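Read the structure below first, then the notes.
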Amino acid sequence: MSTMAGELNQLMGLWNEWATQILVLLSLALQLVLNVLAKLRRRQRRGVTQFPLWLAYQLADSTAIYTVGQLSLSGVTREHKLVAFWAPFLLLHLGGPDNITAYALEDNKLWTRHALTLAVQVLGVVYVLYMYIALNGRLIVLAAALMFLVGTAKYVERTYALWSANFSSIRKSLKVVPRDKHHHLYMHSHRQGIDHDMDDEFLLQRAHSVFYVCKRGIVDSVIGDGDGDLENPDTKAIRNLFRGENFDPSTVTLMQMELSLMISTMGGGLDRLMGLWNQWTTQILVLLSLTLQVVLHVVAGVRRREMTRTTAVKRILLWLAYQLADTTAIYTIGHLSLSSAPREHKLVAFWAPFLLLHLGGPDSITAYALEDNKLWKRHAVTLAVQVLGVVYVLYTYIAGNGMLIVLAAAMMFLVGTAKYVERTVALWSANFSSIQNSLKVVPRDKHRQHFYIKYEHPHEPHHQGPDHQGVDDEFLLQRAHSLFHVCKRGIVDSVFDDDDPENPNTMAIWELVRGEKFKESMWTVMQMELSLMYDILYTKANVIHNHTTCIGYGIRAMAPLAVVISLVLFQFSGKGGHNRVDVAITYVLLGGALILETKSLLSSLGSTWALAFLCATRRSWLRHAALCSGRWHRLRRALVSLRRPGMSVTSGSSRK
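Note that full-length UniProt numbering numbers the sequence shown so that position 499 is 499, with each residue one more than the last.
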């Protein structure tokens, strides 16, 4: 055992000494793999043959970004001063090869995120060159400047390629088709041999000549009458070819922002700022990560509301926080794992599990766009890498903080990992394919009728039948839950299959859907159905309130308890050798985690999703203890009373 520990320590020592060199070579190797294997995607074979390409694509950008962060945060020693010259090469790697810019269509739709990453990485490389390249002499400075220009140009070109490959960009480019009378040139260049030998070269030229029509068909654009002579037999053949089934991909409109960043060049002031940054980098990043989580918790619900001038600003804030939250946490974990903390700042190792908790994100937003759900595999790869990074940080540095802090770190690590895994599962379960698979077997949930008991049971003293005008939003939201399985089938284009149509409750649902009764409430219920579907697609609701398991509720119950125990352990640990600022930041992290996790617990328990869970669960004792005793309704009323006055149920989350 001691031999294995010694070998592991030796490997870690080599990693700490040569981390930058290893990462740069890995980045180059990934670029070579992409260049060689990119053509595999044109072939029909899938699975093992394409897996190396998929893995290289996932790791290429992460490795380059990770290395730029390590160079900018850890600095460059005098004996390794040449590594600063490598920073522009990482921009070149981020530009990627010409034969693959996107692995999936979702990469093109999310081009704004690449634009944001472009700005951040260029600034990181500028910082590295400004700080360290002068150590290498004038000739290397000139060479670095040239490589920086080339790398930036390649990275900008890749971002532009992603933007131009978006279906919306292609449609706009096709609105005005140039009168290119030469597009028949390819057709006529081999006209004499058209009926005899048509080689691949000629067919490829013909394909180019009709490609503008193909583009129109693929992006579902109108084929105009001006696209060539209608009497031309080639044009007729083209039009007949594309009069078949249309490919109508669903697109999600993403907000487009321009990020304008300015760097002050005031001599001494900039040096002092950089000195402070180098000294307090980890502290700043950890607090920034916590701040971004608070912003996400506060403004996540704004996406449900109408677009106004106020909500537009909040949406921009939410979009920016969502883009930066994961990047900041990953950046910080990389910094912690690649740079050793000084003895006076050894407490920073305890912060690593909190970054996993931040990567788990709030319950109210897991995805900003549908494409995030489709790319859940990338989140799974990131999950594995970041968990290993935190394990490395804890193994290397946490032992010097005492047994109490080690126990506290272990508890926070378990909670953070559970929350991060839960987010990844939520992304997977929000895929349309996953939802369709879950609907293949619909449980015969005979407890759905409980939604109606409170308002429709004739023995209730406060009975208000749904035929009256006084039906409130709470009842309508409960009814929306009761027929949500119908809504889900319709949205994901699944075959409708409900309970016995002769069942009076089923007939009542059909009457509501068809608008034969309660016409004044029908549209409100439909709006609530869409709000519930939003919860499934963009939040953790589907994982938290899964009636087949209580894991989601268990995580929410254990998280605040684990934070409290960690806070007590940290309080009784010896803090004499720690920096006061680090101690204060640790208390802020623990306090912030306690507040956010307690909010998450109360929100999940008081949500109408919890009522749906209690009605669907097979644990009759739990349903009796929570519903029949009236405890859940009292909790629900208490939480609703804490909301801002006048807030409608339909204007916010159904979780509220």
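Built from N, CA and C at the ideal position, the CB exists for glycine as well. As the structure is a computational prediction, the values presented were derived from the model and not from experiment.
In the three-state reduction of the DSSP assignment, Cys487 falls in the helix class. By the C-beta criterion, the region 277-293 is judged to be in contact with the region 586-594, since at least 3 inter-stretch pairs fall below 8 Å.
No Cβ-Cβ contact shorter than 9 Å links Ala321 with Ser573.
Take the alpha-carbon of Gly577 and the one of Lys109: they are about 50 Å apart.
Residues Arg378, Val381 of the same chain have their beta carbon placed closer than 7 Å to that of Gln58, with the five preceding and five following residues left out of the count.
Just measuring C-alpha positions, the residue of Phe85, Glu106, Thr117, Met533 sitting nearest Gly95 is Thr117.
Here DSSP, grouped into helix, strand and coil, assigns His633 to helix. The beta carbons of Leu34 and Pro97 sit closer together than 9 Å. Burial is judged here by how many other beta carbons sit within 10 angstroms of a residue's own beta carbon; Gly490 has fewer than 16 and is exposed. Of the residues assessed, Lys39 falls on the exposed side of the cut-off, its CB having fewer than 16 other CB atoms within 10 angstroms. In this structure, the alpha-carbon of Asp107 lies about 8 Å from that of Glu371.
Looking from the CA of Leu105, the closest CA among Tyr130, Asn136, Lys154, Trp163 belongs to Trp163. Here Leu30 is buried, its C-beta having at least 16 other C-beta atoms within 10 Å.
Rounded to the nearest whole angstrom, the CA to CA distance from His114 to Asp61 is 10 Å. In this structure, DSSP gives Leu174 a state outside helix and strand, which the three-state scheme calls coil. Under the three-state reduction of DSSP, Pro353 is assigned to helix.
The beta carbon of Val563 lies closer than 8 Å to those of Met412, Val415, Leu590, Ala593, Leu594, Glu597 in the same chain, with the five residues before and after it left out.
Taking the Cα positions, Val150 is about 14 Å away from Val141. Proximity to Lys540 across Gln527, Ser603, Leu14 peaks at Ser603, based on C-alpha coordinates. Under the Cβ criterion (8 Å, minimum of three pairs), the region 474-481 counts as touching the region 524-541. Per DSSP, reduced to three states, the secondary structure at Glu306 is coil, with no helix or strand assignment. Pairwise C-beta distances place the region 318-336 in contact with the region 358-369, as three or more of them are shorter than 8 Å. Shortest Cα-Cα distance from Val36 to any of Arg631, Ile100, Thr586 involves Ile100. Between the C-alpha atoms of Arg423 and Thr366 there is a straight-line separation of about 6 Å.
Closest in alpha carbon position to Ala418, among Ala430, Met558, Lys314, is Met558. In the assembly as shown, Phe354 is a buried residue. Its beta-carbon has 16 or more other beta-carbons within 10 Å. Straight-line spacing of the CA atoms in Lys81 and Leu135 works out to 7 Å.
For Lys39, there is no enclosing alpha helix (DSSP H), as DSSP gives it neither H nor E. Each residue's CA atom was taken as its position, placing Phe432 and Lys488 some 10 Å apart. A straight line joining the alpha-carbon of Thr20 with that of Glu157 spans about 26 Å. Non-local C-beta neighbours of Ala349 in its own chain, meaning closer than 6 Å and more than five positions away in sequence, comprise Val393, Tyr397, Ile398, ordered along the chain.
Assigned with DSSP and collapsed to three states, Ile365 falls in coil, not helix or strand. Here the C-alpha atom of Trp111 lies approximately 22 Å from the C-alpha atom of Ala430.
In the three-state DSSP reduction, Thr548 falls in the coil class, being neither helix nor strand.
Taking 8 Å as the upper bound for CB-CB distance, Leu53 and Arg41 are in contact here, some 7 Å apart.
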